[in-house]
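So the structure is just underneath, and the comments pick up after that.
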Amino acid sequence: MTSLLMIVVTTALINNVVLSQFLGICSFLGVSKRIKTSASLGGAVIFVITLSSAVASLLYDFVLVPLNLTYLKTIVFILVIAALVQVVEMFLKKSSPAIYKALGIYLPLITTNCAVLGVALTNVQDGYNFIESVLAGFGTAVGFTIAIILLAGIRERIDEKAVPAPFRGAPIVLLCAALMAIAFMGFSGLAV
Amino acid sequence: MQGIIIATLVVAVIGLIIGIALVAAGKTFHVETDERVDRVRENLPGNNCGACGYAGCDAVADAIVRGEAPVDACPVNSQEAVKKISTVMGVKSVEIVKKVAFVRCAGDCDSTSEKCNYVGINDCRAAALAGISIWECDYGCYGFGSCVSVCDYDAIHVKNGVAIVDKEKCMGCGKCAAACPRKLIELIPEGKKVAVRCSNHDRGPDVKKVCSAGCIGCKVCMKQCEHEAIQVEGNLAHIDYEKCVGCEKCAEKCVAKIITEL
Chain A
1 MTSLLMIVVT
11 TALINNVVLS
21 QFLGICSFLG
31 VSKRIKTSAS
41 LGGAVIFVIT
51 LSSAVASLLY
61 DFVLVPLNLT
71 YLKTIVFILV
81 IAALVQVVEM
91 FLKKSSPAIY
101 KALGIYLPLI
111 TTNCAVLGVA
121 LTNVQDGYNF
131 IESVLAGFGT
141 AVGFTIAIIL
151 LAGIRERIDE
161 KAVPAPFRGA
171 PIVLLCAALM
181 AIAFMGFSGL
191 AV
Chain B
193 MQGIIIATLV
203 VAVIGLIIGI
213 ALVAAGKTFH
223 VETDERVDRV
233 RENLPGNNCG
243 ACGYAGCDAV
253 ADAIVRGEAP
263 VDACPVNSQE
273 AVKKISTVMG
283 VKSVEIVKKV
293 AFVRCAGDCD
303 STSEKCNYVG
313 INDCRAAALA
323 GISIWECDYG
333 CYGFGSCVSV
343 CDYDAIHVKN
353 GVAIVDKEKC
363 MGCGKCAAAC
373 PRKLIELIPE
383 GKKVAVRCSN
393 HDRGPDVKKV
403 CSAGCIGCKV
413 CMKQCEHEAI
423 QVEGNLAHID
433 YEKCVGCEKC
443 AEKCVAKIIT
453 EL
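Same order as they appear, the protein sequences are chains A and B. Position 181, counted from 1, in the first sequence is what this note's numbering calls 181; the numbers after and before it change by one each time, with no gaps. Position in the second sequence (first residue = 1) + 192 = this note's numbering.
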């Protein structure tokens with residue numbers, strides 16, 4: 001039980017997917033202008049990554065390993081994730097238009113989020129079983145959500161400040177992200 | 193060799209299963225939509241600028257089909273596209289007049305000067321909220337570019353302290369006009385030749401003191417105009433575009449040179 005909890009804490013905080021593994025930077029910088037939109041993206045990411053790590057783990061353990069084809073994991077995972085996002089989108093459109101509208105463009109955007117593929121690949125690399133993979137996926141996605149909401153909060157405040165001209169726009173955002181990454185290094189003390 | 197075949201087969205089979213699953217899912221989760229929505233949507237610009245007041249082109253297409261919005265709800269649409277939408281909806285087409293935005297201020301850094309040293313938020317609306325007038329003229333363009341930030345077409349820019357519209361790029365959506373806290377931006381029917389580049393309502397001598405490019409309300413333009421298209425109200429010339437024929441006599445005689453070509 002403790003080890004399972006540790007997986008969530010590790011993936012969410014200590015090995016934060018954005019701030020210490022530098023995955024999913026594009027959406028991290030692109031969709032962090034407003035807290036509301038970044039929270040929507042975070043919700044969609046939690047949903048998709050948890051689901052895709054589950055499916056990827058099953059596929060790896062029951063198809064690729066028995067057939068001795070583990071080197072195909074990258075291409076197979078890409079296929080599965082893209083299809084999964086499609087199905088999830090169709091399902092949401094049919095069953096709950098409200099959630100579908102709230103997530104909007106962010107759901108298809110996740111297909112190209114390298115964090116999703118990254119998690120699936122890291123899981124098999126670390127030799128996680130099904131439960132561990134799902135938890136690792138969930139933790140990673142929560143970590144991503146925490147990071148992007150924090151950055152959005154900072155950016156909303158920066159918008160109201162007189163930033164020196166050379167730093168306006170992308171530079172100040174990158175600096176903030178760098179400082180956040182340094183701050184998140186503090187969590188490495190939690191590692192056992 | 194065998195390895196390659198097995199690998200290809202496995203990926204192909206996985207792809208096939210996923211494909212079949214997607215088709216099945218597409219059928220199961222198919223949502224019935226009004227096909228008119230798609231056809232109306234095809235005739236909208238697709239920039240999702242939001243000038244119509246709806247969340248985007250998809251939303252306004254939906255509203256047009258449901259009859260909540262008129263066929264010309266999109267302010268930047270062409271006459272041709274409006275005709276097509278009318279055909280889809282089975283209603284009579286309406287004439288639309290394309291408009292371009294125009295900034296009624298010529299008070300750049302050379303013609304007027306700064307009254308105070310403003311260090312607040314770099315946004316016209318913020319400065320206006322604080323009740324601050326940065327330039328000597330209390331009517332003119334702040335020059336922080338609130339209009340620039342809302343423009344989806346890269347058609348308005350601040351040059352030398354005053355916003356200028358690039359009429360080639362302007363689609364006439366009117367978002368800049370709504371953003372300007374001093375209501376300096378007017379939508380003028382496309383093809384009109386002249387416009388008054390000032391919004392100062394003060395008396396002539398007072399205008400002269402604060403800006404060298406301001407309307408002094410001398411009424412020369414009013415006397416020149418043979419079509420009664422220009423009225424000077426509150427010490428400021430105003431052109432009625434319903435009556436203006438574009439003879440440009442007013443622009444020729446304008447003492448302050450603030451009636452200019454668009």
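C-beta: ideal position from N, C-alpha, C; glycine also. Because the structure is a prediction, the values reported are computed rather than measured.
Neighbouring residues, chain B, relative to residue i (Cβ below 8 Å)
i     : result
A/K93 : F221, V223
A/L69 : I198, A199, V202
A/I75 : V203
A/L72 : A199, V202, V203
Proximity of residue i and residue j at Cβ, strictly below 9 Å
i      : j      : result
B/V354 : B/C297 : yes
A/I75  : B/V203 : yes
B/T304 : B/S404 : yes
B/C241 : B/D344 : yes
B/C413 : B/I451 : yes
B/V274 : B/S285 : yes
B/V252 : B/M281 : no
B/D346 : B/V402 : no
A/L5   : A/C114 : no
A/D61  : A/F138 : no
B/V388 : B/E453 : no
B/Y246 : B/A265 : yes
B/C436 : B/K384 : yes
A/I172 : A/I158 : yes
B/N235 : B/I197 : no
B/K351 : B/D302 : no
B/K445 : B/E382 : no
B/D432 : B/E418 : no
A/A12  : A/V142 : yes
A/L121 : A/F77  : yes
A/T10  : A/A191 : yes
A/S95  : B/F221 : yes
Integer Cβ distance of residue i from residue j, believed to fall under 8 Å
i      : j      : result
A/I7   : A/L135 : 5 Å
B/K367 : B/A243 : 5 Å
A/S52  : A/I81  : 5 Å
B/C410 : B/V399 : Contact flag wrong, Cβ pair sits at about 10 Å.
A/V196 : A/T145 : Residue numbering for chain A in the displayed model covers 1 to 192; residue 196 of chain A lies beyond these limits and cannot be assessed.
B/G364 : B/P267 : 6 Å
B/C442 : B/I422 : 6 Å
A/I110 : A/V48  : 5 Å
B/C223 : B/D254 : Residue identity differs from the one stated: residue 223 of chain B is Val in this sequence, not Cys. The pair is not a contact, with the Cβ atoms about 13 Å apart (cut-off 8 Å).
A/L84  : B/G207 : That pair is no contact at about 14 Å.
B/I313 : A/E160 : 6 Å
B/V215 : B/F294 : Not quite, the Cβ-Cβ distance comes to about 54 Å (not below 8 Å), so this is no contact.
B/E306 : B/I324 : The Cβ separation is near 11 Å, so there is no contact.
B/A213 : A/L72  : 19 Å between Cβ atoms; not a contact.
Per-residue contacts from residue i into chain B (C-beta, under 7 Å)
i      : result
A/Q86  : L214
A/E160 : I313
Partner residues on chain B for residue i, Cβ-Cβ distance less than 9 Å
i     : result
A/M90 : L214, A217, G218, T220, F221, H222, V223
Within chain A, partners of residue i - CB distance below 7 Å
i      : result
B/G207 : L79
Partner residues on chain A for residue i, Cβ-Cβ distance less than 8 Å
i      : result
B/I210 : L79, V80, A83
Chain D contact for residue i (CB, 9 Å cutoff)
i     : result
A/V63 : Chain labels in this structure do not include chain D; the protein chains are A and B.
Discussion item. Whether or not the stretch 324-338 of chain B and the stretch 356-375 of chain B are in contact is what I'm after, with contact meaning three or more pairs of Cβ atoms, one per stretch, closer than 8 Å; do they touch?
Written reply: yes
Worksheet item: Whole alpha helix (DSSP H) runs in the stretch 223-273 of chain B with 4 or more residues, listed along the chain?
Response: 227-234, 249-257
Discussion item. Under 8 Å, with one C-beta from each stretch per pair, do the stretch 31-42 of chain A and the stretch 141-159 of chain A reach the 3-pair mark?
Written reply: yes
Worksheet item: Is the stretch 163-176 of chain A touching the stretch 319-326 of chain B, taking contact as three or more C-beta pairs under 8 Å?
Response: no
Worksheet item: Is it true that the stretch 52-62 of chain A meets the stretch 172-185 of chain A, where meeting means three or more beta-carbon pairs spaced less than 8 Å apart?
Response: no
Worksheet item: Where in the stretch 304-392 of chain B do unbroken runs of the alpha helix (DSSP H), each at least 4 residues long, occur, reported from the N-terminal end onward?
Response: 316-321, 338-342, 367-371
Fill in: the stretch 23-32 of chain A / the stretch 88-104 of chain A touching (three or more Cβ pairs under 8 Å)
no
Practice prompt. Decide yes or no for the touch test of the stretch 8-27 of chain A against the stretch 81-91 of chain A: beta carbon pairs closer than 8 Å, at least 3 of them.
Written response: no
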